[in-house]
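See structure below.
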Amino acid sequence: MSGLPISRRGLLAGSALLLASTALPAIGRAQTPKKGGRLIVAADSEPRNLNPAIVASNGVFFISSKVVETLAEASFDGKDGLQPRLALSWEGSADGRSVTFKLRDGVKWHDGKPFTSADVAFSALQVWKPLQNLGRTVFKDLEAVDTPDKLTAVFKFAKPTPFQLIRNALPALSSVVPKHVYEMGKIEDNPANNAPVGTGPFKFAEYKAGQYYRLARNDAYWDKDEPYLDEIVYQVLPDRTSAAAALEAEEIQLAAFSAVPLADLDRISKVPGLKVITKGYEGLTYQLVVEINHRRKELADLKVRQAIAHAIDKDFVVKTIFLGYAATATGPVPKNDPQFYTADVPIYPFDVAKANELLDEAGYKRADDGKRFALKLLPAPYFNETKQFGDYLRQALAVIGIDAQIVNNDSAAHMKAVYTDHAFDLAVGPPVFRGDPAISTTILVQSGIPDGVPFSNQGGYKNADLDALIAKASETLDTSARTGLYKEFQKMVAADLPLINVAEWSFISVARDTVGNIANNPRWAVSNWADTFLAG
Amino acid sequence: MKRLHRFFQTPEAIAGALILALLVAIALAAPLLFPGDPQAIAGPALLPPLQNWSLPLGTDRLGRDVLAELFHGARTSLAVGLAAAAAALLVGAVVGTLAGFAGGLIDEVLMRITDAFQTVPSFLLALAFVSIVGPSLGVVIAAIALGAWTGPARVARAEVLSIRERDYVAGARVIGMHPLEIAFREVLPNALPPVLALSSVIVAAAILTEAALSFLGLGDPNRVTWGGMIAEGRTVLRTAPLLSIVPGIALVLTVLGVYLAGEGVVESTAVRRSLS
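Heads up: the protein sequence lines correspond to chains A and B, in order.
Sequential numbering from 747 applies to the first sequence in my numbering.
Sequential numbering from 7 applies to the second sequence in my numbering.
Structure follows, in structure tokens:
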């Protein structure tokens, strides 16, 4: 055997190479949509309430946006950054008191009943306005929804409401739920909240707690060619390190929302058959924010807040904690927002000497042990990065003589401690910018918000000028005037620091290269995946 | 002296004692060798070990000195282990002595309470306690002691049951000593040696429990703990495995050292007993 020039192993290797080379064109061709297949994705949390009309959050959308559709979806190249879903067109009146939606014809709910304007009216008035976490603000002046025919819904507002705001709110806030399912009994207790019924390309099939969610193809979807997939299975993998291993073992085909830790991306991008995708989250920018409790007398002093801002090395945060997958922030609107962002705001470069000087000026001299005062710091437990930033912030504050003691909580206890009990001095939070400051950004600094509203100003900050500006912007109909007011808003927030914006980041998807049509809209992970397909 | 001599006769005991001595030295030297905050950012993030001699074990994800964290972590581990074991032994000895000496209804009640605690897995108990009260060093110690005092209590009671029938106890009764005084001044000291023999097991278990709690994020977040280091290293397990392995090895060595030294003590006392 040893005398033979061709060993068995060599022959096998050679034939494998041959096979691989003939397979190459097949891989190239495979990127045309193909029907069928089961897509298995990693899910890192198990939301109990899956009704996106009530809980407008990405954790819920990730699963239920495939089942329950919105009036419109975000788009890279559509007009005003939108593409039609349940609504075909939308038109605002000049006085800002009404918006007319023309709805799609021939859409059926998963239980076979037809979708009509009555469902839209019901969702808007009974769910979005009174119950939805974000809709409460945006639709607060919605008075009535007229339904002149089955395919027209006219939103009537008591006060002029900017059409720009309604438009920007459509992708996240306008999930339409079926009236005939929800009209009996209390909407919050409806069983459909746990097994949603919608018009989307996938039907909710099954949920096994701690194991998986299964969605099945909706054969009666309004787009006759879609969806391509037969099934989507959300494999619950709460352990973040297991997602990468599961991808490599081909147990799952997609891990969205940075389920693969950032530190692993460099390695995983070199694994054959896997691709790292940074696109598809442009409309879901998270902001790393230091929330401040202004009830603490030290923190009520602007100089102390400025000192803290100067003590944070934003470049270090982006480079070390986010490994470059983030951008430094200048204010409450992220840099990647095409409509509202302005760079013309006061900035706080990393400057320890300046921070120390400001604290001395404010009258908080270092004691003999080098410390000025102690604070309670509550990092939000939702992301590795928020926890790590908590550890970093503690060290950064120690350098300027502020002794921050970290208090760790689980998600529920953190929510309660920060947003209901106000038992914090500083907190690290990840609010989301949703394409318009009026949706979820102004409430971070506005006063008069009841206790217990998550991701809102619960730090007791009150600034009459800022409140007036927010109120004025909310009634300004002219798009450019409104945009101008929000630029002013960014300046005021950056100058008075009701909170400190540190960085902006989005997510990373890792997928097998057989998964097609990934990241083709700015909210891809939370869009309906009707055109997603599996090749090969 | 003789006992000490006997203790050092077995190689296990010597190894155990050496490891423990090293550990105590590390714990005591930590604030001298690494003054200041061990969690301070000391260099670039994820520096591999043996690259920079001022940071011999490299740095973690935030650029903190791993060696400094390791040294300071030894303090936490030892402090928690010793304090939790001391608390467990104290509570266990007192409860066991009371139950054994008093007998009757008090015995019944105390031993049923002990049973109740023993039926709940001690780690679960600690987990529940810390998540309700909130993580801090004192709470973690109390939580671990909560699940560890039952063993000493049972051993102490068994020992007391035999001692209380001895003549000198009867003598103490005759001269009119208060029963509590007899229990704690005459009986307990004589019942202690077998209870103390449990200490190595308890210390080892306490160190492991503390590490497990920290690993789950229920340790004191303002202190360096080995469990916490392992948990943090886990996110970069594939790219920087040493961040988890190094504190893991420290943990294994510590538990091994405590266990071996404990065995040595038990053996040397056993020899003494058989001699006498």
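All residues carry an ideal CB built from backbone N, CA and C; glycine is no exception.
Cβ of residue i within 8 Å of any chain B Cβ
i	result
A:ILE773	Only weak support is given to the placement of A:ILE773: the predicted model assigns it a pLDDT of 40, under 50, and the value that follows is read from those uncertain coordinates. It does not: the Cβ of A:ILE773 has no partner Cβ on chain B nearer than 8 Å.
A:ALA1144	yes
A:THR1166	no
A:ASN1130	yes
A:PRO1007	yes
A:ASP965	no
A:ASN1154	yes
A:ARG1013	yes
A:TYR1138	yes
A:ASP1010	yes
Residue i at chain A interface by Cβ criterion, 8 Å
i	result
B:VAL261	no
B:LEU68	yes
B:ILE119	no
B:ALA23	no
B:PRO227	yes
B:GLN45	yes
B:PRO54	no
B:GLY223	yes
Secondary structure of residue i, DSSP reduced to three states
i	result
A:THR862	coil
B:THR82	helix
B:LEU10	helix
A:SER844	strand
A:TRP874	helix
A:THR898	strand
B:PRO158	helix
A:LEU1280	strand
A:GLU994	helix
A:LYS949	strand
A:LEU911	helix
A:PRO1092	coil
A:ALA776	Residue placement at A:ALA776 is poorly supported in this model, since its pLDDT is 44, which falls under 50; the coordinates are not used for a value here.
A:ASP1074	In the sequence as presented, Asp is not what sits at residue 1074 of chain A; that position holds Thr. Three-state DSSP puts A:THR1074 in a strand.
Residue i versus the options, residue with shortest Cα-Cα distance
i	options	result
A:ASN1102	A:ALA1005, A:GLY1077, A:GLY1109 and A:ILE1146	A:ILE1146
B:GLY223	B:SER142, B:LEU248 and B:LEU88	B:SER142
B:ILE208	B:ILE236, B:GLN15 and B:LEU95	B:LEU95
B:LEU198	B:LEU152, B:PRO253 and B:GLY98	B:GLY98
A:LEU785	A:ARG1269, A:LYS848, A:ARG963 and A:ASP826	A:ARG963
B:GLY283	B:LEU68, B:LEU259 and B:VAL86	An answer regarding residue 283 of chain B cannot be provided, because it is not within the stretch 7 to 282 covered by chain B.
A:PHE1235	A:VAL814, A:GLY824 and A:PHE1086	A:PHE1086
A:ALA1057	A:ARG1041, A:PHE1096, A:ASP1047 and A:LEU1020	A:PHE1096
B:GLU192	B:ILE169, B:LEU202, B:VAL180 and B:VAL201	B:ILE169
A:ASP971	A:LYS780, A:LYS886, A:LEU961 and A:GLU819	A:LYS780
Separation of residue j from residue i, as counted between CA atoms
i	j	result
B:GLN334	B:ILE213	Since the first residue of chain B shown is 7 and the last is 282, residue 334 of chain B is not available in this structure.
A:PRO906	A:LEU916	18 Å
A:VAL926	A:ALA992	Here the sequence assigns His to residue 926 of chain A, which means Val is not the residue at that position. In a straight line, the C-alpha of A:HIS926 is about 41 Å away from that of A:ALA992.
A:ASP1137	A:LEU1124	10 Å
A:TYR980	A:LEU1011	21 Å
A:VAL845	B:GLN45	56 Å
B:GLY234	B:PHE221	5 Å
A:ASP823	B:ASP43	52 Å
A:ALA772	A:THR1278	Its pLDDT being 40, under 50, A:ALA772 is placed unreliably by the model, and the measurement read from it follows with that caveat. For A:ALA772 and A:THR1278, the distance between alpha carbons rounds to 19 Å.
A:PRO1127	A:ASP1156	6 Å
B:ARG244	A:THR987	9 Å
A:SER835	A:PRO894	16 Å
A:ALA1002	A:ALA1073	20 Å
A:GLU1037	A:PRO1078	12 Å
B:SER2	B:ALA256	This structure leaves residue 2 of chain B out entirely; chain B is present only between 7 and 282.
Beta-bridge pairing of residue i - partner residues as DSSP gives them
i	result
A:TYR958	A:LYS954 and A:GLN981
A:TYR1032	A:VAL1178 and A:TRP1251
A:THR816	A:SER921
A:SER835	A:LYS848
A:ASP892	A:VAL900
A:LYS1021	A:ALA1257
A:THR784	Correcting the residue type first, residue 784 of chain A is Arg in the shown sequence and not Thr. According to DSSP, A:ARG784 bridges with A:GLU977.
A:PHE808	BP columns for A:PHE808 are empty, so no partner.
A:LEU1172	A:ILE1038 and A:LEU1123
A:ARG963	A:PHE948
Residue i: CB within 7 Å of a non-hydrogen atom of the ligand GTP
i	result
A:LYS1117	In terms of ligand content, the structure shown is empty, and the ligand GTP therefore cannot be addressed.
Contacts that residue i makes with chain D (C-beta to C-beta distance below 8 Å)
i	result
A:GLN910	Any reference to chain D falls outside this structure, whose protein chains are A and B.
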